[in-house]
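Working notes, structure below.
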Amino acid sequence: MSDRQSSNAYWQANLRIIYICLAIWALVSYGFGIILRPLLSGISVGGTDLGFWFAQQGSILCFIALIFFYTWRMNRLDAEHGVDE
Amino acid sequence: MSQFTLNLLVITASFALYIGIAIYCRAKSTAEFYAANRGVGPVMNGMATAADWMSAASFISMAGLIAFTGYDNSTYLMGWTGGYVLLALLLAPYLRKFGKFTVPEFIGDRFYSPTARIIGVICLLIVSITYVIGQMTGVGVTFSRYLEVSNATGLWIGAGLVFCYAVLGGMKGITYTQVAQYVVLIIAYTIPAVFISLQLTGNFLPPLGLFGTHEGSGVAFLAQLDGLVTDLGFRAYTEHHNSTLDMVLFTMALMIGTAGLPHVIIRFFTVPKVSDARKSAGWALVFIALLYTVAPAVGSMARFNLTATMWPGAEQGETFSQPAVSLADIETSEDLAWMRNWQTTGLLNWEDKNGDGLIQYYNDGAAAQATALAAARTSGDQAAIDTAQAAYDARLAETHAALPGAPAVEQNWAGNELTTVNNDIMVLANPEIANLPGWVIAIVAAGGLAAALSTAAGLLLAISGAVSHDLIKGTLRPNISEKGELMAARVSMAASILVATLLGLNPPGFAAQTVALAFGLAASSIFPVLMMGIFSKRVGKEGAIAGMIAGMLSTILYIFAYKGWFFVAGTNMFPDTPDAWLFGISPASFGTIGAVINFAVAFGVSAVSQRPPAHVQELVESIRVPRGAGGAVAH
Numbered sequence: 116m117s118d119r120q121s122s123n124a125y126w127q128a129n130l131r132i133i134y135i136c137l138a139i140w141a142l143v144s145y146g147f148g149i150i151l152r153p154l155l156s157g158i159s160v161g162g163t164d165l166g167f168w169f170a171q172q173g174s175i176l177c178f179i180a181l182i183f184f185y186t187w188r189m190n191r192l193d194a195e196h197g198v199d200e
Numbered sequence: 034m035s036q037f038t039l040n041l042l043v044i045t046a047s048f049a050l051y052i053g054i055a056i057y058c059r060a061k062s063t064a065e066f067y068a069a070n071r072g073v074g075p076v077m078n079g080m081a082t083a084a085d086w087m088s089a090a091s092f093i094s095m096a097g098l099i100a101f102t103g104y105d106n107s108t109y110l111m112g113w114t115g116g117y118v119l120l121a122l123l124l125a126p127y128l129r130k131f132g133k134f135t136v137p138e139f140i141g142d143r144f145y146s147p148t149a150r151i152i153g154v155i156c157l158l159i160v161s162i163t164y165v166i167g168q169m170t171g172v173g174v175t176f177s178r179y180l181e182v183s184n185a186t187g188l189w190i191g192a193g194l195v196f197c198y199a200v201l202g203g204m205k206g207i208t209y210t211q212v213a214q215y216v217v218l219i220i221a222y223t224i225p226a227v228f229i230s231l232q233l234t235g236n237f238l239p240p241l242g243l244f245g246t247h248e249g250s251g252v253a254f255l256a257q258l259d260g261l262v263t264d265l266g267f268r269a270y271t272e273h274h275n276s277t278l279d280m281v282l283f284t285m286a287l288m289i290g291t292a293g294l295p296h297v298i299i300r301f302f303t304v305p306k307v308s309d310a311r312k313s314a315g316w317a318l319v320f321i322a323l324l325y326t327v328a329p330a331v332g333s334m335a336r337f338n339l340t341a342t343m344w345p346g347a348e349q350g351e352t353f354s355q356p357a358v359s360l361a362d363i364e365t366s367e368d369l370a371w372m373r374n375w376q377t378t379g380l381l382n383w384e385d386k387n388g389d390g391l392i393q394y395y396n397d398g399a400a401a402q403a404t405a406l407a408a409a410r411t412s413g414d415q416a417a418i419d420t421a422q423a424a425y426d427a428r429l430a431e432t433h434a435a436l437p438g439a440p441a442v443e444q445n446w447a448g449n450e451l452t453t454v455n456n457d458i459m460v461l462a463n464p465e466i467a468n469l470p471g472w473v474i475a476i477v478a479a480g481g482l483a484a485a486l487s488t489a490a491g492l493l494l495a496i497s498g499a500v501s502h503d504l505i506k507g508t509l510r511p512n513i514s515e516k517g518e519l520m521a522a523r524v525s526m527a528a529s530i531l532v533a534t535l536l537g538l539n540p541p542g543f544a545a546q547t548v549a550l551a552f553g554l555a556a557s558s559i560f561p562v563l564m565m566g567i568f569s570k571r572v573g574k575e576g577a578i579a580g581m582i583a584g585m586l587s588t589i590l591y592i593f594a595y596k597g598w599f600f601v602a603g604t605n606m607f608p609d610t611p612d613a614w615l616f617g618i619s620p621a622s623f624g625t626i627g628a629v630i631n632f633a634v635a636f637g638v639s640a641v642s643q644r645p646p647a648h649v650q651e652l653v654e655s656i657r658v659p660r661g662a663g664g665a666v667a668h
């Protein structure tokens, strides 16, 4: 039974990390890149604005950072809950 | 040595390399054929995934689409990279833990139903074949240009080559072949970009050059490009023009489609550990990003160079300070030989409409009127011709009056004289437009083919796996011998190449657009069912089956209604224009709506049907924790 509880806690913690990562994922692409672009139009970057930069480069860099963050965080979580390989 | 010989030499050398690797690593057992014994580490696997993933759409087509649309087509950049976040967080580690070979196998086991597995196979086949059509389009463009043959001949040559090494190699051959292909394609993509970025902005890093300063005028490059294209009546490059809703839905369809593509998911079955599956997705994205951060620079700089070729004054930042390029130059100048070469493929063309000996390239805004005029001329009715001619002239006069600072009226322009520019030629023509040395042009040709062929091979592997392993061995004839299974795999590969090539002769769009449709289909069918299989214990077989059918059917019907039944031109029920789309949602974006329908139907049906049995609930529990992921078991 304690096994079941531990794996439940592990799963809840995993879901929490996923939610946070996906919130950032949506913010940098759909947010800064598309919907919120007008709000960022005041910040100019090389002949255009920050929203354009996020749409064409920034979001991609954030995606990479997110995956490696998730990998690192999950490896720690796996070890904490004793479910690592 | 002539450019033609050089191209041929470099292309042949690259092929000799791939086929050599494929033969060296020839698959000996079924396990090796599908999953390379799980001996592939995360970095190598990431690189092979990147090659698998970056197809003709990414390499040949995407920068061209960005070039002619600008900001609005950022959707491709975000969509085709953001999907990896979903893969790493939501799918890859769990499917690796599950530890089988194919996507339909997971669907069949998790939803305890051979019917679900067969529907999974059908979805996979529809998605993959649509995707292969896009690759064939790209292969056709490349071969027709570099072998100087017709588009159709180019396609058949490409089909033959794909067949050879996909059928001989299997996964292990393909993994190492694809590592080699990644290296070739990334070098081919970045070298010309570095040269061009240096020429235009003085910065040797294209992603920085994009936001740098234009050498000729000292103004920010993107501002300069905006000014240049608006001078000629085009929409500003960096501005947002299309519907925001459609942009969001399209990006989403590409992202969840990425995460639902069977030939990409299959890659994560081949890593040794669950944690490696996460890391692999990260590495794949790093290698993909190398190309994807360069692509917007390639697109904008290709647009600039093309326009500056047509308007030499643009080099110094004053569009109309010099007259347009002359017809005599285009027909004789050594620097413009590329225009004549592309003209023979039919993908680039021009016409001196006003007979002034110059080729004026601008946005005449009269495409619809020109089509109507041509139709009237074929009908032969003089009154109709006169009406159409008057409408055409009136539209031109309107455009000319609105052109800022253009000498359109006094020079008596008579419509855009660069009559055909196919988006798909931009990346391939880019080094020629910028007058780069011959060997750079040859490498780009080899890179384009590497991109198209590596993806086609990966897709064919997913297709053959689904047919031989899931359909024949898993359901129809469980007693088939290992040899018979391999045979079935190879026959199904050959059949899919044939179908894709035939459909590729009349593709439903540019390479990247066709591929985008495949993503919509994957988004609406495969992604939701995998998600529910992992994150819900409540959704059972009835829900999954109903969901997949509803999602796939709604999306495919929406696409066929606008693109024609089975993409056959002229059989569409509605015109494929933004006005005719439901709520302005394009067929390529509909995958997101299809996914929502899939989820809704699946949860709805599950609410009124039985809970999944206990052993399935335990299966879900077990794939959620990494511990205990052994090697794959075949059955």
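Note that the protein sequences, when read in sequence, are chains L and P.
Position one of the first sequence corresponds to residue 116 (my numbering), numbered consecutively onward.
Position one of the second sequence corresponds to residue 34 (my numbering), numbered consecutively onward.
Where a beta carbon is used, it is the ideal one built from N, C-alpha and C, also for glycine.
Give me the residue from the options with the minimum Cα distance to residue i.
i	options	result
P:T377	P:A409, P:Y222, P:R268 and P:T175	P:T175
P:G637	P:W344, P:I592, P:M565 and P:S514	P:M565
P:V195	P:M585, P:S487, P:Q650 and P:V634	P:S487
P:Q168	P:M95, P:T135, P:V212 and P:L563	P:M95
P:S642	P:L123, P:K574 and P:N387	P:K574
P:A478	P:G173, P:A221, P:S501 and P:S525	P:A221
P:Y395	P:E248, P:L339 and P:Y164	P:L339
P:R268	P:G74, P:G438 and P:G103	P:G103
P:W614	P:L509, P:G603 and P:A594	P:A594
P:I299	P:G346, P:F237, P:L381 and P:A490	P:A490
Report the neighbours of residue i on chain P: residues whose CB is nearer than 9 Å to its CB, in chain order.
i	result
L:F147	Within chain P, no residue comes near L:F147; the closest Cβ sits about 10 Å away, beyond 9 Å.
L:I133	L122 and L123
L:G161	L241, L243, F244, G245, T246, A253, F254, L255 and A256
L:L137	V118, L119, L122 and L123
I'd like to know whether the C-beta atoms of residue i and residue j end up nearer to each other than 7 Å.
i	j	result
P:S333	P:L258	yes
P:M343	P:V358	yes
P:P659	P:V118	no
P:A286	P:G553	yes
P:V649	P:A579	no
P:I630	P:S587	yes
P:R571	P:S514	no
L:G166	L:R188	no
P:L294	P:T271	no
P:F623	P:P561	no
P:R311	P:A83	no
P:L492	P:S161	yes
P:L469	P:T163	no
So residue i contacts chain P; which residues on that side make the cut at Cβ distance below 7 Å?
i	result
L:Q171	S107, L110 and P329
L:L181	V118
L:R152	H273
Distance, Cα to Cα, residue i vs residue j?
i	j	result
P:Y529	P:A447	In the sequence as presented, Tyr is not what sits at residue 529 of chain P; that position holds Ser. So the two alpha carbons sit approximately 47 Å from each other.
P:I219	P:A545	18 Å
P:N275	P:D105	7 Å
P:S146	P:I505	15 Å
P:I476	P:L563	39 Å
P:A322	P:L429	42 Å
P:A69	P:I618	Annotation note: pLDDT 49 at P:A69 (below 50); position unreliable, coordinate value reported separately. C-alpha separation (whole angstroms): 41 Å.
P:G413	P:I592	35 Å
P:V34	P:G481	In the sequence on display, residue 34 of chain P carries Met and not Val. Rounded to the nearest angstrom, the two C-alpha atoms are 22 Å apart.
P:L41	P:V182	13 Å
L:C177	L:G148	12 Å
P:W598	P:G542	14 Å
P:F337	P:V653	53 Å
P:H502	P:K516	12 Å
L:Y134	L:D199	21 Å
P:V136	P:T148	14 Å
If the cut is a Cβ gap below 8 Å, which residues of chain L does residue i touch?
i	result
P:P240	Q172
P:Y394	Correct list: empty, because the minimum Cβ distance to chain L is about 23 Å.
Whose Cβ in chain P lies nearer than 8 Å to the Cβ of residue i?
i	result
L:R191	Within chain P, no residue comes near L:R191; the closest Cβ sits about 11 Å away, beyond 8 Å.
List, in chain order, every chain L residue whose beta-carbon is nearer than 7 Å to that of residue i.
i	result
P:V307	E200
P:K312	T186
So with CB distances below 9 Å, who are the chain L contacts of residue i?
i	result
P:T326	Q171, Q172, I175 and L176
### Task
May I ask you to verify whether the stretch 404–414 of chain P touches the stretch 462–470 of chain P, counting CB pairs closer than 8 Å and requiring at least 3?
no
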